[in-house]
Every structure is written in C-alpha cells, then in structure tokens.
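Trainee: As you go down the protein sequences, you meet chains A and B in turn.
Residue numbers are given in the UniProt record's numbering: position 220 of the first sequence equals residue 220, and the series is strictly consecutive.
Residue numbers are given in the UniProt record's numbering: position 197 of the second sequence equals residue 197, and the series is strictly consecutive.
Ideal placement from N, C-alpha and C gives every residue a C-beta, glycine not left out.
The structure presented is a predicted model; accordingly, all values stated were derived computationally and were not measured.
So that we are looking at the same thing, I have put the structure below in structure tokens.
Protein chains: 2
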Amino acid sequence: MILHHQPMSAPSRFVRLLLAEYGVSAELREERPWERRAEFLALNPAGTLPVLVAEAGVPVCGAHPIAEYLDETRGVMARDRRLMPEYPLERAEVRRLVDWFILKLESDVLRALVRERIDKLHMPADRGGGAPDSGAMRAARANVRQHLRYLNWLAGTRDWLGAKSVSAADMAAGAAVSVLDYMGEIDWNEAPQARDWYSRVKSRPAFRPLLGDRVRGLTPVSHYADLDF
Amino acid sequence: MILHHQPMSAPSRFVRLLLAEYGVSAELREERPWERRAEFLALNPAGTLPVLVAEAGVPVCGAHPIAEYLDETRGVMARDRRLMPEYPLERAEVRRLVDWFILKLESDVLRALVRERIDKLHMPADRGGGAPDSGAMRAARANVRQHLRYLNWLAGTRDWLGAKSVSAADMAAGAAVSVLDYMGEIDWNEAPQARDWYSRVKSRPAFRPLLGDRVRGLTPVSHYADLDF
C-alpha cells in the first residue's frame, strides 16, 4: 500500500496511526496539495489528503473512508486490538469523536495554524506562500483553549476518549493533538487529565514514527518526543 | 426516533432520505443551530445538525455517524435495498462521494448560499441576521459550475453515482442538489446527464417529503417539485 500524506496534517497522521496499530506497512509519499499535481488529482479529484492506494492500485480517499476501509479489512480480524467497539451506538460515539478531531478541530484551529506556521514556509509565493497572517493565527488560537477544555473533560470522565478500550477516537485526537503540541500551541498545565491521556497515547509503539518527524523551518517544542513530558 | 434537523440543510436532508429509503419513521424536529439552545448542545456539543436520537434516547451526531449507524442497524438487513455496496473498496467509493457532497460541496457552496439566502431571513440581528453578503454569495456561486460539471461527468459515466445500484452516494448528492435547485442556483441546460440522474432520484418515494418543504421568505423555482422538470 502507498499512503499519500502530509507529515503535519492531522487527518494524515490519524491514518498513519491506524495503519501502525494494525501492523499494516505502507510506503509514505509526501504530497504538497497546493501544487495540484495532475497525477495526484487523478487519484483524488478533491485534491485533499490522505489518500491510501490499496489493493489493485485502487485509491481510498479521505480519512473517514480510509478508517472505515481499514476497520472492515483489518479491524474486524484484529479481535481485542480492533479500534472500533462492538455495538453500533458505541461505534457512533467513536465516529462522532473522530469527526470532532479530524474535521471540527481541523477547521476551527489546525488548518489555519498549520497553513500559517508551516505550509507557508514551503509554498512558493504564487501558491500562497509568504509571511504568516497574524489575524488568522489569533482567530485559530482563540479556539485552542476551548478544544483543550473539552479534551480534558473527556479524558477525565472516561478511560479512553471514545470507548472503554482504546479506539479510533484516541488515534484521531492523538493525531490532532500531536500537531498542536509540535507547534507548542498547548499549555498542558491547563489540562492535566488530557496530559495524562496524551502521555498514554504517545507511548504506544504506533506513535513513535510521528514523534520522529521534523519539519524544515520549525523545530518542535522541547517535550514533543518526550514520553513522560 | 427523533431527528433534529434543518429543512434546507443538505446533511439533514441526506439523513431524511436514508431514513425514508429504509422505511424508518422518525419525528422531525426543526432546530436553529444559531440559537445554541442548551438542551440541544447537551445532545451534540458540536452544535451541528443532524442529530438522530436513537434507541434508549442515545444521540447519534452528524451525517456520517448516522449514515453508518443506519447501515449497520438497517442496511445490512435490507438485502437488495441496502444503500451500501458489498465490497470494502466499493463502499470506500460511496463514502468518498458522500464526503464530497455532504462536506466539500457544503463548504465550497452550500453553507454560504444557505446562510446568506435563507438562514439570515430567520436569524435575529445579534445572531448574524441581516442583509445577505453579496461577496460571499459570489464566491460560492463561482464554485457551483465546477461541482455541476463533476456531477454531470459522474452521472454520464455510471448507472448511479457511486455504485452499480442506487447507494448512499445518490442520497447525499440528491440532498445537496435539491437545496441548490430549490434556490434556483442550477442551470440544468449545462448538465443534461446530471439532470437525467436527478430526475430519477427525485422520483423516488423517499424524496417526496423534501419536495414538499417550503421555507418562509423564499419560494422555490417553478420546477422544484416537478418530477419531469
């Protein structure tokens, strides 16, 4: 399998975590969606990441279709390592939280912060590169605290975020939080229960490759790869 | 079951179509998300629609979790009326298109047009009501034509949009197109194959209640409820 991805994109990281948890090896290919390469648009006309090229070269496009595809082809055989709970209403709660972290946190916070702080370092000027827009960053940062409060509440009232055992919800949240943490956008003192939960998630072997990622032009905060903070 | 919805919201209409196709009756309750009612936020902290209150009063939040929930609890028993195909890669294609029409077309086009042309008629000024923003409408309309071209291509190369038989992809696209069509935003002469497909979709009994919806302050185009256009 081939995964077209961006290292600092939460939906891409979410899929990398699912693949690693299920022990599926995939070749990673970094794609810069702003280049709008014809070969990539032929795989996914939406031009978005991630895209998993699965059996027989067929592309599976988008975090949600990929997550369901991996659950159907790997999860159901994984027994107690399956990242989806057993009952439909429990699965609905996991899917709600995956949407929350991969769609809502992405659009409330991450898309703008990653674009302004990371992507613009690598974009040519005619594709949107240049100086970061401080207004867009301020608006996104105003939402970080609310999201952190909700994460802290979830982590404080449940063993894992979406179910009794670890699930795709923890992978989605872990993916999103890891990007925010890399950029130093999280004040962990404000969210002690979220911090405990994140420490458990990032200690999982599946998380290791993500903690090794480095982006040219932005070094991570000092505790980024520290499993005990 | 109770469905909290907005009559002119594509994700809400998508779920109404799925419910009707599976013969599930649900009480419809109109929710105005901009009011941010505490009782509604307790059901869905994201404050978004649709929300399906399912067995035992448990809320299922969001079009994608609801669609998967209905597939798991109704679709798998519906045999040849199931709105998801049999194989994982085929299901991945249906899910890609559901995302396309319910998330991408929503954010490229519908969210702005529905807000400016419909919601603002019913919002108090301190919640965002007032005169429509012509710049936002222009930006959204610039995307309609590209979406219509893609829909026309899909309809011209496949029996149904997402699979060999009718699927959730047709319901998602039908839901989104019906809102655009109500507002008179589609020039059907530009998309004859999409028009043939839409004529078949809107002739299905499940579509009838949607064609009866009327919004205060905006009458639909004359052909809106006409099954032969």
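(1) Would Tyr22 (chain B) pass as an interface residue toward chain A - the criterion being a Cβ-Cβ separation below 9 Å?
(2) Run through DSSP, which three-state label would Leu211 (chain A) get?
(3) Could you tell me whether any Cβ in chain A is nearer than 9 Å to the Cβ of Glu72 (chain B)?
(4) Roughly how many whole angstroms lie between the Cα atoms of Arg111 (chain B) and Trp34 (chain A)?
(5) Within 10 angstroms of its Cβ, does Val221 (chain B) collect 16 or more other Cβ (buried), or is it exposed?
(6) Residues of chain A with a CB under 9 Å from the CB of Pro65 (chain B): which are they?
(7) Between the C-alpha atoms of Leu19 (chain A) and Leu28 (chain A), what's the straight-line distance to the nearest angstrom?
(8) Terminal residues of the continuous beta strand (DSSP E) containing Val60 (chain B)?
(9) Is DSSP giving Phe102 (chain B) helix, strand or coil here?
(10) Tell me, to the nearest whole angstrom, how far the beta carbon of Ser178 (chain A) is from that of Val94 (chain A); I am working on the premise that it is less than 8 Å.
(11) Interface residues of chain B around Glu27 (chain A) at Cβ under 7 Å?
(12) Check the C-beta distance from Leu121 (chain B) over to Pro50 (chain B) and give it rounded, since I have them as a contact under 8 Å.
(13) Report, in whole angstroms, the separation of the C-beta atoms of Arg117 (chain A) and Met183 (chain A), which I expect to be a contact under 8 Å.
(14) Give the single residue among A:Arg74, A:Glu39, A:Arg149 whose Cα lies nearest to the Cα of Pro59 (chain A).
(15) Is there at least one Cβ from chain A nearer than 9 Å to Pro88 (chain B)'s Cβ?
(16) Beta-carbon of Leu103 (chain B) versus every beta-carbon of chain A: anything under 9 Å?
(17) Can you give the beta carbon distance from Ser199 (chain A) to Phe229 (chain A), rounded, assuming they're within the 8 Å contact cut?
(18) Considering only their Cβ atoms, is the gap separating Asp196 (chain A) from Ala155 (chain A) smaller than 9 Å?
(19) Tell me whether the region 55-73 of chain B and the region 208-225 of chain B touch, counting them as touching only if at least three CB pairs, one residue from each stretch, are closer than 8 Å.
(20) Give the secondary structure of Arg91 (chain A) by DSSP, where H, G and I count as helix, E and B as strand, and everything else as coil.
(21) Throw me the rounded Cβ distance for the Gly62 (chain A) and Thr73 (chain A) pair, which I believe falls under 8 Å.
(22) Does chain A have any CB closer than 9 Å to the CB of Asn44 (chain B)?
(23) With a CB to CB cut of under 7 Å and the five nearest residues on each side skipped, what residues in its chain are close to Gly129 (chain B)?
(24) Measuring only between beta-carbons, confirm whether Ala225 (chain A) sits less than 9 Å from chain B.
(25) In chain order, what residues of the region 149-181 of chain B put their CB closer than 9 Å to some CB of chain A?
(26) For the beta strand (DSSP E) holding His5 (chain B), just list the boundary residues, first then last.
(27) Does Val53 (chain A) get closer than 9 Å to chain B when you measure Cβ to Cβ?
(28) Please name the residue or residues paired with Glu30 (chain B) in a DSSP beta bridge.
(29) Could you name the residues of the same chain whose beta carbon sits closer than 7 Å to that of Asp133 (chain A), not counting the 5 residues immediately before and after it, in chain order?
(30) Give the DSSP-derived three-state secondary structure of Val109 (chain A) in the structure shown.
(31) So the alpha helix (DSSP H) Leu43 (chain B) belongs to, where does it begin and stop?
Mentor: Concretely, from the data shown:
(1) No, because no Cβ of chain A sits closer than 9 Å to the Cβ of Tyr22 (chain B).
(2) Residue state, collapsed to three classes: helix.
(3) Yes, Glu72 (chain B) lies at the interface with chain A (some Cβ there is under 9 Å from its Cβ).
(4) Roughly 23 Å between the two C-alpha positions.
(5) Label assigned to Val221 (chain B): exposed.
(6) Residues of chain A passing the Cβ test: Arg91, Ala92, Glu93, Val94, Arg95, Arg96, Val98, Asp99.
(7) Whole-angstrom Cα-Cα distance: 11 Å.
(8) Unbroken beta strand (DSSP E) run through Val60 (chain B): 59-61.
(9) Note on identity: in this sequence residue 102 (chain B) is Ile, with Phe being the wrong assignment. Three-state result, Ile102 (chain B): helix.
(10) So it is not a contact: roughly 19 Å between Cβ atoms.
(11) Those do not exist, as Glu27 (chain A) stays about 19 Å from chain B at its closest Cβ, beyond 7 Å.
(12) About 21 Å separates the two Cβ atoms, so there is no contact after all.
(13) So it is a contact: roughly 6 Å between Cβ atoms.
(14) Measuring from the Cα of Pro59 (chain A), the nearest candidate turns out to be A:Glu39.
(15) True, the Cβ-Cβ gap to chain A drops below 9 Å.
(16) Closer than 9 Å: yes.
(17) Their Cβ separation, rounded to whole angstroms, is 6 Å, which keeps Ser199 (chain A) and Phe229 (chain A) in contact under 8 Å.
(18) Yes, the pair counts as a contact, with Cβ atoms nearer than the cut-off.
(19) With contact defined as three or more Cβ pairs closer than 8 Å, the region 55-73 of chain B and the region 208-225 of chain B are not in contact.
(20) Helix.
(21) Cβ atoms of Gly62 (chain A) and Thr73 (chain A) stay farther apart than 8 Å, at about 16 Å.
(22) Cβ-Cβ to chain A under 9 Å: yes for Asn44 (chain B).
(23) Contacts found: Lys120, Met123.
(24) Ala225 (chain A) is outside the set of residues whose beta carbon lies under 9 Å from a beta carbon in chain B.
(25) Within the region 149-181 of chain B, the residues whose Cβ lies closer than 9 Å to some Cβ of chain A are Tyr150, listed in chain order.
(26) From DSSP, the beta strand (DSSP E) with His5 (chain B) extends over 2-5.
(27) Not one chain B Cβ lies under 9 Å of Val53 (chain A).
(28) Glu30 (chain B) is bridged to B:His5.
(29) Only Glu116 meet the Cβ criterion.
(30) In the three-state scheme derived from DSSP, where H, G and I count as helix and E and B as strand, Val109 (chain A) is classed as helix.
(31) For Leu43 (chain B), the uninterrupted alpha helix (DSSP H) segment begins and ends at 38-43.
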